[in-house]
Amino acid sequence: MAISSRDFRSLRLDAIGREFGNLHALRGVSLTVQRGEFIALLGPSGCGKSTALNCLAGLLPLTSGGIWLDERRIDTLAPEDRGFGMVFQNYALFPHMTVRKNVGFGLTTHRVPKPEIARRVEEALALVRLTAQGDKLPGQLSGGQQQRVAIARAIVVEPPLVLMDEPLSNLDAKLRLEMRAEIRRIHLMLGCSTIYVTHDQDEALSLADRIVVLRDGEVRQIGTPEDLYARPSHADVAEFMGYRNLVRTTAEPAGNGVAVTIGGARFPATPMEPVSGPAIAAIRPDDLSPAADGTIPAVVEAAEYRGRDFYGFARTADGTELYFRSEQRVAAGEAVRLEPAPGRVLAYGARSGA
Amino acid sequence: MNGGPETPPPLEGGDWGEGVVRLVPGTARINPSPPPPPSRGGGGSGPSLRVRLRNRGLDGVTLLVLPGALFVVALFVYPFLYGLVLSFRPKDGGWFLANYATFFADPFLYDTIGKTLAIAVPATLLNVALSVPVAMRVRLMRRQRLLTTILVIPITLGTVLVAEGLLTYLGPRGWVNRVLIEFGLSAHPIRLVHNYWGVMLSLLISGFPFTFLLTLSYVTGIDPSLENAGAMLGARAAERFRRILLPLLVPGLAITLALSFVQAFSVFPSAVLLGAPAGPTRVISIAAYTAAFEQYDYPLASAIAMIMAGVQVLIVVALLAARGLVFRGPASTGKG
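In order, the protein sequence lines correspond to chains A and B.
Residue numbers for the first sequence follow our numbering, so the first one is 1 and each next one is one higher.
Residue numbers for the second sequence follow our numbering, so the first one is 355 and each next one is one higher.
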């Protein structure tokens, strides 16, 4: 029997670390997850997010720190004793078992009576809308269907915590959006906690209650999607969150904030850390648009049509490269005057990453 | 896109890393599509013979199959057919099945089938049963290469050298018996050679590496995340093995059994050197040898060889048919 029930208050990672020889895959990661929370571990490949997930699952032992479920220490338990659900990146469905057998596997290992297994398997299949596929083998299903079997198999045992390792990375773009909504729906319906590993900031923003940004095995920032979107704490987090324009500049104190120089023009910027002297100014392409009275003269080098608007790439006279968004058609070679949206320029110290 | 004379290629999207793609308009032009290649032969209508052959997977490289094919024909197909025909031509004339009749009429001859099976079947089963747990452990090891090299050595040494070594090692004055007597575990030397057990031990020693390497390749072919998934769903090691690994391993084990069995069934050197070739280990290959080189009855020897092949084929076909009853798909899922 799984030792843990769904009724827990919090899961606590206490400075967990994992070394592979001399490589520190995880360093002092601390996090507290409340019951029912959806947490996304976000970061580029090699940042340690999958290692963190495997440590939580018990598939990788920790080399330092501890994991606590309420007052119980669980990092010393084998994966089969933790009772967490896990959705693997490659789904890891048992190829020789039908969908029903796959989904029921966790119930049979927990010695649940047969009629109850049948009932709960049907419920889980209904939840992922696969009732009609119950007797097929995984190899006969499409990628999206396999994905949903993997989710059903993980949640049917009603785990307190569901771990998902980039579950959508093998799906095509349309299916990814559908499954994203599906995962959020199932999470809300079950009320379990979910820890979701991804390198896709859109996925993290749309799914998570809180996002943990990892880099080089360390936590860079923890916050709500709104926090991370509007106020990334470091330049590298900003870059990861879609601030495509990271301009090396100098910052001078001005009013409550600082002023930065971009392409020869000065703008007020919001300092995200104490900044003076060499600095990095960060602006999203969405917040930089051509305007009649724009202050940054630049020449468009390329433009992409995106349906509602155009995304372009321009260069200023001093060689600064800027990505921008335009509602009007822009063409390569055209001269534009760009203007950042007020209050949307962030400033970081020049040493902090990027 | 914008109707201008110099349409630049679209901006490379998606690299939110450090790289900024510099594009100079007008330099990267896509070439106009090249003219269609001139068709060879075929009179200009439809693809040429060469193209049609290539579409069926036949090209110049296919010719490299020829030496191999000739080799197989010269060294396997021809001798086999020659032996088959020879077996139907008894030395002393008579009915074309006379050799087969002789074999199945004489207990001294037909008993060899049972004796060979009595050695080959347990040896094969034991080898496979031993290699599965060892392979399960070895697949997790870092230095697999070293271990597999050590294991291949008995194969390269050949059965005769192994048999000679065992003869002294297991003999009445060998290390095994001396240790047993020294520690009082036995009052007198245990007979381990020149009987059934000598042959069995030799088959285990020379057959294990082969069986093991084959098993290892099947075991490592199973996606490790399947076992992890089993563990996450609460299955302990024994249950993971029984419900996940074993069912996925069975098709591979059937092949391993078949190949190991064929090897063990054709045992000859160790049956002569370590066994009792006149008694309990008079295997079928000894019968064939005696017929050919002691009685100079090649047709009978050929008939015995054909019977030997027939028994092997029966067992292998039975194994492969049984394999068809279980799941036979890939031992992993997912499209990624």
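The C-beta atom is built at its ideal place from N, Cα and C for all residues, glycine as well.
This one's a predicted model, so the numbers in the text were calculated from it and none came from an experiment.
Contact list for residue i against chain A, beta-carbon separation under 7 Å
{"i": "Ile-598 of chain B", "result": "Phe-94"}
{"i": "Glu-518 of chain B", "result": "Going along chain A, no residue has its Cβ under 7 Å from Glu-518 of chain B, so there is no contact; the nearest lies around 45 Å."}
{"i": "Ser-579 of chain B", "result": "Phe-88, Asn-90 and Ala-92"}
{"i": "Glu-593 of chain B", "result": "Thr-109"}
Distance CB(residue i)-CB(residue j) smaller than 7 Å
{"i": "Tyr-91 of chain A", "j": "Gln-140 of chain A", "result": "no"}
{"i": "Thr-470 of chain B", "j": "Ile-638 of chain B", "result": "yes"}
{"i": "Gly-525 of chain B", "j": "Val-547 of chain B", "result": "yes"}
{"i": "Ala-642 of chain B", "j": "Ala-630 of chain B", "result": "no"}
{"i": "Ala-282 of chain A", "j": "Ala-350 of chain A", "result": "no"}
{"i": "Glu-203 of chain A", "j": "Ala-585 of chain B", "result": "no"}
{"i": "Ala-347 of chain A", "j": "Val-258 of chain A", "result": "yes"}
{"i": "Ala-517 of chain B", "j": "Pro-623 of chain B", "result": "yes"}
{"i": "Arg-27 of chain A", "j": "Glu-218 of chain A", "result": "yes"}
{"i": "Val-162 of chain A", "j": "Gly-134 of chain A", "result": "no"}
{"i": "Ile-195 of chain A", "j": "Ile-39 of chain A", "result": "yes"}
{"i": "Phe-324 of chain A", "j": "Leu-288 of chain A", "result": "yes"}
{"i": "Pro-444 of chain B", "j": "Pro-653 of chain B", "result": "yes"}
{"i": "Lys-101 of chain A", "j": "Val-197 of chain A", "result": "no"}
{"i": "Ala-232 of chain A", "j": "Leu-205 of chain A", "result": "Checking the sequence, you will find Pro at residue 232 of chain A rather than Ala. Not closer than 7 Å, so no."}
{"i": "Phe-442 of chain B", "j": "Phe-450 of chain B", "result": "yes"}
Closer than 9 Å at the beta carbon, the chain A residues around residue i
{"i": "Asn-582 of chain B", "result": "Asn-54, Ala-57, Leu-59, Pro-79, Met-86, Phe-88 and Ala-92"}
Reduced DSSP category for residue i - H, G, I as helix; E, B as strand; rest coil
{"i": "His-187 of chain A", "result": "helix"}
{"i": "Val-156 of chain A", "result": "coil"}
{"i": "Gly-28 of chain A", "result": "strand"}
{"i": "Phe-457 of chain B", "result": "helix"}
{"i": "Tyr-650 of chain B", "result": "coil"}
{"i": "Pro-268 of chain A", "result": "strand"}
{"i": "Phe-430 of chain B", "result": "helix"}
{"i": "Ser-10 of chain A", "result": "strand"}
{"i": "Thr-198 of chain A", "result": "strand"}
{"i": "Ser-45 of chain A", "result": "coil"}
{"i": "Ser-326 of chain A", "result": "strand"}
{"i": "Glu-116 of chain A", "result": "helix"}
{"i": "Ala-630 of chain B", "result": "coil"}
{"i": "Leu-161 of chain A", "result": "strand"}
{"i": "Tyr-348 of chain A", "result": "strand"}
{"i": "Gln-146 of chain A", "result": "helix"}
{"i": "Arg-23 of chain A", "result": "The identity of residue 23 of chain A in the sequence shown is Leu, whereas the question assumes Arg. Strand."}
{"i": "Ala-126 of chain A", "result": "helix"}
{"i": "Arg-443 of chain B", "result": "coil"}
{"i": "Arg-545 of chain B", "result": "coil"}
{"i": "Met-86 of chain A", "result": "strand"}
{"i": "Val-415 of chain B", "result": "helix"}
{"i": "Ala-132 of chain A", "result": "helix"}
{"i": "Glu-166 of chain A", "result": "coil"}
{"i": "Ile-384 of chain B", "result": "Note that Ile-384 of chain B scores a pLDDT of 47, beneath 50, so its modelled location is shaky and nothing firm can be said."}
Proximal residues of chain B, C-beta to C-beta of residue i below 8 Å
{"i": "Gly-83 of chain A", "result": "Gly-588"}
{"i": "Val-157 of chain A", "result": "Leu-587 and Gly-588"}
Counterpart residues of residue i in DSSP-defined beta bridges
{"i": "Gly-495 of chain B", "result": "The sequence given here places Met at residue 495 of chain B; Gly does not occur at that position. Paired residues: none, contrary to the question."}
{"i": "Leu-554 of chain B", "result": "Note that residue 554 of chain B is Met in the sequence shown, not Leu. According to DSSP, which records beta bridges pairwise, Met-554 of chain B is partnered with nothing at all."}
{"i": "Met-179 of chain A", "result": "DSSP lists no partner for Met-179 of chain A."}
{"i": "Arg-337 of chain A", "result": "A:Pro-297"}
{"i": "Pro-278 of chain A", "result": "A:Thr-250"}
{"i": "Phe-376 of chain A", "result": "This structure does not reach residue 376 of chain A, given that chain A is present from 1 up to 354, and the question cannot be answered."}
{"i": "Ala-314 of chain A", "result": "A:Val-300 and A:Leu-322"}
{"i": "Arg-18 of chain A", "result": "A:Leu-26"}
{"i": "Val-33 of chain A", "result": "A:Leu-11"}
Interface residues of chain B facing residue i [CB-CB closer than 7 Å]
{"i": "Phe-105 of chain A", "result": "Leu-587"}
Within chain A, the residues that residue i reaches when beta carbons sit closer than 8 Å
{"i": "Pro-601 of chain B", "result": "His-96"}
Cβ of residue i within 7 Å of any chain C Cβ
{"i": "Glu-71 of chain A", "result": "Protein chains in the displayed structure are A and B, and chain C is not among them."}
request  = Starting from the N-terminal side, write out each stretch of the alpha helix (DSSP H) that is 4 residues or longer and does not extend beyond the region 563 to 591 of chain B.
outcome  = 578 to 586
message = Threshold first: 3 residues or longer. Then list the beta strand (DSSP E) segments lying entirely within the region 282 to 311 of chain A, N to C.
response = Listed in chain order, they are 288 to 290 and 296 to 305.
task = May I have a chain-ordered list of the alpha helix (DSSP H) segments no shorter than 4 residues that lie completely inside the region 47 to 80 of chain A?
result = 49 to 57
message = Report the start-end ranges of each beta strand (DSSP E) in the region 211 to 275 of chain A that is 3 residues or longer and not cut off at the edges.
response = 218 to 223, 245 to 254, 257 to 262 and 265 to 271
request  = Let me know the alpha helix (DSSP H) ranges lying completely inside the region 481 to 543 of chain B, each 4 residues or longer, listed in chain order.
outcome  = 498 to 511, 513 to 523 and 529 to 536
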